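**Student:** Residue numbers (the working numbering): 17 to 111.
See below:
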């Protein structure tokens, strides 16, 4: 793993712990994938779109998994506006 991807993955894992308070293993189980497939997907994004795009995708995934957990607590689905606002409120929005 190169230095850029390592930094990206470290940030992703830190954000998973910070916002939805889950580990990478719990995340992978929740989205029904394994570490190898996950890394292949991220490598493909980096290759085709660059490291900034991969960062945006990963932060958005943190936002979405958090939204799913919050929706379960609320007993309803969040609106699109609420999903975006959650990303902004938790510093997960990258333009």
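Even for Gly, the Cβ is constructed at its ideal location relative to N, Cα and C.
The model shown is predicted, which means the values in this text are computed figures rather than measured ones.
Around the Cβ of residue 33, are there at least 16 other Cβ atoms within 10 angstroms (buried) or fewer (exposed)?
**Tutor:** Looking at its Cβ environment, which holds fewer than 16 other Cβ atoms inside 10 Å, residue 33 is exposed.
**Student:** Using 7 Å as the threshold, is the C-beta distance between residue 72 and residue 42 below it?
**Tutor:** Their beta carbons are not under 7 Å apart, which means residue 72 does not touch residue 42 by this criterion.
**Student:** Suppose you measure from the CA of residue 11 to the CA of residue 21; what does that come to, to the nearest Å?
**Tutor:** Residue numbering for the chain in the displayed model covers 17 to 111; residue 11 lies beyond these limits and cannot be assessed.
**Student:** Can you give me the start and stop residues for the alpha helix (DSSP H) that residue 42 sits inside?
**Tutor:** Here the alpha helix (DSSP H) through residue 42 covers 40-46.
**Student:** Find out if the Cβ-Cβ distance for the pair residue 78, residue 27 is shorter than 7 Å.
**Tutor:** It is not a contact, given that the beta carbons lie outside the stated cut-off.
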